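Residue numbers (the numbering used here), protein chains in the order written: chain A, 7 to 327; chain B, 7 to 327. Have a look at the structure below before the remarks.
Number of protein chains: 2
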Amino acid sequence: MSGPEGLRLNTEEQCYMPSSPTIGRPVAVLGIGSMGTAIAKALIEAGHHVTVWNRSRERLAGLTGCFVAETAVEACRDAEITFTCFSNLPATYDVLKQPGVVGALQGKALVPMSTATPDEVHGFQRFAQASGIDYLDAKIAVTPAQIGAPTAVIFFAGPQALFLRVEPVLRALAGRATLMGQRIDGAVLGDFAFLSVYFASTIGILHGAAFLRNSGLNIEQFFGLIPCFLDEINARSQSFRKMIVAGDYTDVQSALKTDLAGARLLANATANAGMQNLFSDALIELMQDAVAQGHGDLDSAAMVQAFSKIMSTPQPVEVPG
Amino acid sequence: MSGPEGLRLNTEEQCYMPSSPTIGRPVAVLGIGSMGTAIAKALIEAGHHVTVWNRSRERLAGLTGCFVAETAVEACRDAEITFTCFSNLPATYDVLKQPGVVGALQGKALVPMSTATPDEVHGFQRFAQASGIDYLDAKIAVTPAQIGAPTAVIFFAGPQALFLRVEPVLRALAGRATLMGQRIDGAVLGDFAFLSVYFASTIGILHGAAFLRNSGLNIEQFFGLIPCFLDEINARSQSFRKMIVAGDYTDVQSALKTDLAGARLLANATANAGMQNLFSDALIELMQDAVAQGHGDLDSAAMVQAFSKIMSTPQPVEVPG
């Protein structure tokens, strides 16, 4: 079995399926942590010619059916697309600044998948443009276990032509590989919108479980119903969509002031269960703010208006590190 | 077509399907608002012999295939199960105290579906026991549009034998008709746990939409991805379940302190988008509290421990009305 020159084939023979030349494309994955491993495995499974590189070799043992490069430059030299899976963009720069790497990436697609801020991706765009690298930003909205799933979401941002060029490969990673726009911060912003939903929902689930447990009730039953709750929330979100697009919140399915009354009952119940009230207090504060802005009789979807209120003096929050 | 004596059949002939006597059971629905209408329609569609009553007659026009009673007592006299769909328990008492109603309900199942507090359902239990009425409490975790759906959740509480007696009828209302326990406040508590998830998730969705709109990005794309986000949240919740049951949060999928760093990035991004920061500040406060309790290096599921912290001096929250 021949691979790119000088590369060691990492395979247990019984697992290795030679890729179909009609679909297999040469790709590299730099940074083989838990996410990099999932990315590499999904690409291998889809029949691509995958070369991986990681600073330490221990993490590579579990990967079969791919080539292992000794250096980053060796990994991306023959790759049409290079995915980087480091913990952040500074760590990504460290690798890209190794001798020869930028040269090896020129004219090819580079897809960094690290967490980043809008400022950081703008900076990375300047670096990529100056280096002649085709930069497609990516932000992953799933855990490693969900990589490759039909419902997995990865946000992308960058030139549409570049996205279309690599899209068939991206589909192997996420059934819902989504170009959020050609502006380079689109993926970061899409991921923040996902995090709004993800953080709030998971905290709500944990609070519900804590409440039942503190009340002496069965949490297995509760967790068994979560898919049904999420179905109901999905149905509700589609009504939100219609109202927000129309800018009309008067077709009330549930009025904001009714929800506020419900949140107050919840606060009372959690206090009676001997729990701290940070969670329900936060719900009440958010709803009260929207009611104070005059949306109480409207559908709760009108909270989108309350959140959108432009402050006269924006207060940037300091980000550590 | 003969009905209970003195009852007017409310039907357009072309819509009326006589119920199969093998499955049709005589039931009553008191209070025909939007939820009562949905309940009555689902029962009619399932082939039950439904009699409805409402204080005003206007709301009854849309209901066909059922009998309309002139009084509440007339409606429940021959019903094996009476569902009440008033806005709260005080309004329910008002109807039950009409002459003859309590007598008509003796030895039969009464299922009040109003919003209520644990104290109120305990009071209602005393009333039902003193009156010889078989009381099964119900709390509805879906909008009227979802009544009858296979994934619709309605929580019930009361004697298991009573639940089993009426369960086939309840299944017509909600595929996931769930007995939360024999203690009478079980349905109320289950509904509060649902509200934790529902309020937090819907607010998270509205905040995500507001963020994208304020950033000049497409919200249609975002709403199209909501089912995928909820899939990811469901997968995560099943890992929460395992950790909470085991009481072990050390198999970290996402550490609490990592989520806190993400919430801080979100706060910075919303501030930069010119939005008010109530939402992200609330996330940060909740996560910081759990980190301060020593859970920062554990999986975020450990927030369930932070919520459960017993306060030394519980502060009941005043509930209006």
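The C-beta atom is built at its ideal place from N, Cα and C for all residues, glycine as well. These numbers were taken from a predicted model, which means no experiment stands behind them.
Residue i versus residue j - alpha carbon distance
{"i": "residue 117 of chain A", "j": "residue 214 of chain A", "result": "38 Å"}
{"i": "residue 81 of chain B", "j": "residue 51 of chain B", "result": "19 Å"}
{"i": "residue 28 of chain B", "j": "residue 203 of chain A", "result": "With a pLDDT of 46 at residue 28 of chain B, under the threshold of 50, the modelled position of that residue is not reliable, and no figure is offered here."}
{"i": "residue 205 of chain A", "j": "residue 114 of chain A", "result": "35 Å"}
{"i": "residue 62 of chain A", "j": "residue 71 of chain A", "result": "19 Å"}
{"i": "residue 55 of chain B", "j": "residue 304 of chain A", "result": "37 Å"}
{"i": "residue 132 of chain A", "j": "residue 64 of chain A", "result": "34 Å"}
{"i": "residue 111 of chain A", "j": "residue 36 of chain A", "result": "12 Å"}
{"i": "residue 6 of chain B", "j": "residue 34 of chain B", "result": "Chain B is shown from 7 up to 327; residue 6 of chain B falls before or after that span and cannot be answered."}
{"i": "residue 40 of chain B", "j": "residue 258 of chain A", "result": "12 Å"}
Contact set between residue i and chain A, taken where Cβ atoms lie within less than 9 Å
{"i": "residue 213 of chain B", "result": "199, 202, 203, 206, 292, 309, 310 and 313"}
{"i": "residue 249 of chain B", "result": "Those within 9 Å of residue 249 of chain B in chain A number zero; the least Cβ separation is about 10 Å."}
{"i": "residue 269 of chain B", "result": "201 and 205"}
{"i": "residue 87 of chain B", "result": "Within chain A, no residue comes near residue 87 of chain B; the closest Cβ sits about 23 Å away, beyond 9 Å."}
{"i": "residue 75 of chain B", "result": "What residue 75 of chain B touches in chain A: nothing, since even the nearest Cβ is about 29 Å away."}
Residue-level contact to chain B via CB, residue i, 7 Å cutoff
{"i": "residue 57 of chain A", "result": "no"}
{"i": "residue 216 of chain A", "result": "yes"}
{"i": "residue 93 of chain A", "result": "no"}
{"i": "residue 275 of chain A", "result": "yes"}
{"i": "residue 62 of chain A", "result": "no"}
{"i": "residue 83 of chain A", "result": "no"}
Neighbour list for residue i in chain B, Cβ cutoff strictly below 8 Å
{"i": "residue 170 of chain A", "result": "Per Cβ cutoff of 8 Å: no residues; residue 170 of chain A is ~16 Å from chain B at best."}
{"i": "residue 124 of chain A", "result": "275 and 278"}
{"i": "residue 146 of chain A", "result": "Correct list: empty, because the minimum Cβ distance to chain B is about 11 Å."}
Interface partners of residue i on chain B, CB under 7 Å
{"i": "residue 129 of chain A", "result": "The premise fails here: residue 129 of chain A is roughly 15 Å from chain B at the closest Cβ pair, so nothing lies under 7 Å."}
{"i": "residue 153 of chain A", "result": "Per Cβ cutoff of 7 Å: no residues; residue 153 of chain A is ~11 Å from chain B at best."}
{"i": "residue 265 of chain A", "result": "205"}
{"i": "residue 284 of chain A", "result": "291, 292 and 295"}
Per-residue DSSP class, three states only, for residue i
{"i": "residue 255 of chain B", "result": "coil"}
{"i": "residue 103 of chain A", "result": "coil"}
{"i": "residue 75 of chain A", "result": "coil"}
{"i": "residue 310 of chain B", "result": "helix"}
{"i": "residue 209 of chain B", "result": "helix"}
{"i": "residue 169 of chain B", "result": "helix"}
{"i": "residue 174 of chain A", "result": "helix"}
{"i": "residue 194 of chain A", "result": "helix"}
{"i": "residue 113 of chain B", "result": "coil"}
{"i": "residue 271 of chain B", "result": "helix"}
{"i": "residue 303 of chain B", "result": "coil"}
{"i": "residue 33 of chain B", "result": "strand"}
CB contact below 7 Å: residue i versus chain A
{"i": "residue 42 of chain B", "result": "no"}
{"i": "residue 71 of chain B", "result": "no"}
{"i": "residue 296 of chain B", "result": "no"}
{"i": "residue 133 of chain B", "result": "no"}
{"i": "residue 242 of chain B", "result": "yes"}
{"i": "residue 281 of chain B", "result": "yes"}
{"i": "residue 50 of chain B", "result": "no"}
{"i": "residue 30 of chain B", "result": "no"}
{"i": "residue 113 of chain B", "result": "no"}
{"i": "residue 178 of chain B", "result": "no"}
{"i": "residue 210 of chain B", "result": "yes"}
{"i": "residue 272 of chain B", "result": "yes"}
{"i": "residue 65 of chain B", "result": "no"}
{"i": "residue 27 of chain B", "result": "Confidence in residue 27 of chain B is poor, its pLDDT being 41 and thus under 50, which makes the residue's placement unreliable; the coordinate value appears in the next sentence. Not closer than 7 Å to any Cβ of chain A, the Cβ of residue 27 of chain B fails to qualify, so no."}
{"i": "residue 167 of chain B", "result": "no"}
{"i": "residue 288 of chain B", "result": "yes"}
Per-residue burial, residue i [other beta carbons within 10 Å of its own, 16 or more giving buried]
{"i": "residue 84 of chain B", "result": "buried"}
{"i": "residue 251 of chain B", "result": "exposed"}
{"i": "residue 256 of chain B", "result": "exposed"}
{"i": "residue 32 of chain B", "result": "buried"}
{"i": "residue 144 of chain A", "result": "buried"}
{"i": "residue 312 of chain A", "result": "buried"}
{"i": "residue 231 of chain A", "result": "buried"}
{"i": "residue 170 of chain B", "result": "exposed"}
Chain A residues whose Cβ lies nearer than 8 Å to that of residue i
{"i": "residue 162 of chain B", "result": "In chain order: nothing, as chain A lies at least about 12 Å away."}
{"i": "residue 157 of chain B", "result": "233, 234, 237 and 238"}
{"i": "residue 253 of chain B", "result": "Chain A residues near residue 253 of chain B: none, gap ~11 Å exceeds 8 Å."}
{"i": "residue 104 of chain B", "result": "Under the 8 Å cutoff, chain A gives no residues; its nearest Cβ is about 27 Å from residue 104 of chain B."}
{"i": "residue 136 of chain B", "result": "Neighbours of residue 136 of chain B on chain A: none; closest Cβ ~25 Å, over 8 Å."}
Beta-carbon neighbours of residue i, restricted to chain B and to distances below 9 Å
{"i": "residue 223 of chain A", "result": "186, 187, 189, 192, 195, 196 and 199"}
{"i": "residue 183 of chain A", "result": "Within 9 Å Cβ-Cβ: nothing; residue 183 of chain A doesn't reach chain B, min ~11 Å."}
Closer than 7 Å at the beta carbon, the chain A residues around residue i
{"i": "residue 259 of chain B", "result": "149"}
{"i": "residue 306 of chain B", "result": "208"}
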